[in-house]
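Quick note: the numbering used here has the sequence shown finishing at residue 383, numbered continuously throughout. The C-beta atom is built at its ideal place from N, Cα and C for all residues, glycine as well.
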Amino acid sequence: MAATARGADVLIVGGGIIGTLTAIALAGRGVAVRVIERGEPMRESSWAGAGILSPIYPWKYPDALSHLVNRSLALYPALVAELRGASGVDPQYRVSGLIIPVYSAAEWAELAGALPWSQRFGWPARRLDGDQARQVEPCLSERVVGAIDWPQVGQIRNPRLAAAARATAEARGVVFDTGREVTGFAFQGDNGVTVRTASGDLHGSRVLLAAGSWTGGLAERAGFTLPVAPVKGQILLLKTAPGTLTRIVKHDQAYLVPRADGHVLVGATMEMAGFDRRTTLEALHFLSGALLDMAPGLADAEVVRHWMGFRPGTPDGLPYLGPVPGRPGLFVAAGHYRNGVILAPATADAMARMLCGEACPVDLSAFAPERPALAHAALGFPA
């Protein structure tokens, strides 16, 4: 059926990059889709993130995450071409490389799993000494004694990806229902799911929860528990001369992301602060210190902007993907934490297939919503 004022084949709650790309994939299959968004689409973590197309220390996670990442990266070039062609907006996907500087023997030990992981999963990488690292990136600190370099890591401009995805979805007939808060759900077995909102009920044969950090609250309204919590991240935008920094630089929890026009993103804090939207002096101090530690050659860069976003964290750092047991017709795709943009193409492809009853080319059992989850210490979840 076509999307109407009262519903659609599939209702997607959440208008971020995960929900919107899933809507595009469904629309391409002839499915009528309505996206329900409490605010404006693409204005939360989908817009705020740095667009690094590499997971953060993936060797510390189950292999299932790396398999899903590789699937997503394989889909990215065609997806970007599709979005650019349909919307006229260039997401500015490009390969820039990524380097992790090392300051001590202890840090080399912490990175022991990096090169074996790279070899197993087909990510070209090389070990550099300090001088070689500074030849690659002259802005790096003199304290750097070595580095691991991944020359084929890519990046994308989040706001441009978001704009291209929304425009493409609307061109394909996806309806965005904005400013609509979901208050509850009613499950009717084979007859689908009713989504209750303050401005009236909507009905869908299937419903996908893809509301990022707000998905845990939606799960409660649907009568089940899904531990997703906002992990606040603050970012600085700097302006330098183009080419001053060429690679993404990653150290500990901080990173630098150079754009082709000379702008550099400095991120990011990791704060269990609920939905506090303030940007703070403390974060400015932390990010400035991280910048000077990694690349003191950027010390005189102009500060252009300071913003924040909410990453959807989970106890084990992995997303929830799949049907919700005991809630017929309800599916979830949320909790991508720091990997939302990199996992978005594979997630959207998998969820569209799942919602249409098709086989998925990737094993998603590690991401099942009902899985037992061990606490991820970095997120501060209780063990």
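In this structure, the beta-carbon distance from Leu256 to Leu291 falls below 8 Å. Here Thr168 is near Ala86, since their CB atoms are less than 8 Å apart. Distance from the CA atom of Ala74 to the CA atom of Thr347, rounded to whole angstroms, is 13 Å.
As summarised for the region 195-239, the continuous alpha helix (DSSP H) elements at least 4 residues long and confined to that stretch are 215-221, given in chain order. DSSP assignment within the region 237-303 yields the following whole alpha helix (DSSP H) runs of 4 residues or more, N-terminal first: 281-294.
For Thr178, the pairing in a beta bridge is given by DSSP as Glu37.
With fewer than 16 other Cβ atoms inside 10 Å of its own Cβ, Ala241 counts as exposed.
If you look at Tyr320, you'll find it in the beta strand (DSSP E) that goes 320-323. In this chain, the alpha helix (DSSP H) harbouring Ile342 covers 340-355.
Rounded to the nearest whole angstrom, the C-alpha separation of Cys360 and Leu68 is 11 Å.
In the DSSP secondary-structure assignment, Val69 is not bridged to any residue.
In the three-state scheme derived from DSSP, where H, G and I count as helix and E and B as strand, Arg172 is classed as coil. Remark: C-beta atoms of Val136 and Arg247 approach each other more closely than 8 Å. Closest by C-alpha distance to Ser213, out of Ala352, Gly204, Gly233, is Gly233. One alpha carbon belongs to Leu265, the other to Ile235, and they sit about 7 Å apart. Short of 8 Å from the beta carbon of Ala260, and not among the five residues preceding or following it, lie these beta carbons of its own chain, in chain order: Gln92, Arg94, Pro242. Taking a contact as a CB-CB distance under 8 Å, the pair Ala25 and Ala352 counts as one, their CB atoms being some 4 Å apart.
The DSSP assignment places 63-87, 105-110, 114-121, 130-136 as complete runs of the alpha helix (DSSP H) inside the region 60-138, in order along the chain (cut-off: 4 residues). In the three-state reduction of the DSSP assignment, Pro58 falls in the helix class. Burial is judged here by how many other beta carbons sit within 10 angstroms of a residue's own beta carbon; Gln155 has at least 16 and is buried. Its chain contains Met308 as the residues whose beta carbon lies nearer than 8 Å to that of Arg278, once the 5 sequence neighbours on both sides are disregarded; these appear in chain order.
The beta carbon of Trp47 is closer than 8 Å to those of Asn158, Pro159, Ala162, Gly309 in its chain, skipping five residues each way along the sequence. Per the coordinates, the alpha-carbon of Thr178 lies some 5 Å from the alpha-carbon of Glu37. Residue burial is scored here from C-beta neighbours: Phe331 has at least 16 other C-beta atoms within 10 angstroms and is therefore classed as buried. Proximity to Leu11 across Leu208, Leu226, Leu287 peaks at Leu208, based on C-alpha coordinates.
Burial state of Arg120 is exposed, judged by a 10 Å Cβ sphere holding fewer than 16 other Cβ atoms. Pairing Glu40 with Gly16 gives a Cβ-Cβ distance that is not under 8 Å. Rounded to whole angstroms, the gap between the alpha carbons of Met354 and Leu140 is 45 Å.
Assigned with DSSP and collapsed to three states, Ile17 falls in helix. The three-state reading of DSSP puts Thr314 in coil, since its state is none of H, G, I, E or B. Phe367 places its beta carbon 8 Å or farther from that of Gly329. For Gly189, the secondary structure class from DSSP, reduced to helix, strand or coil, is helix.
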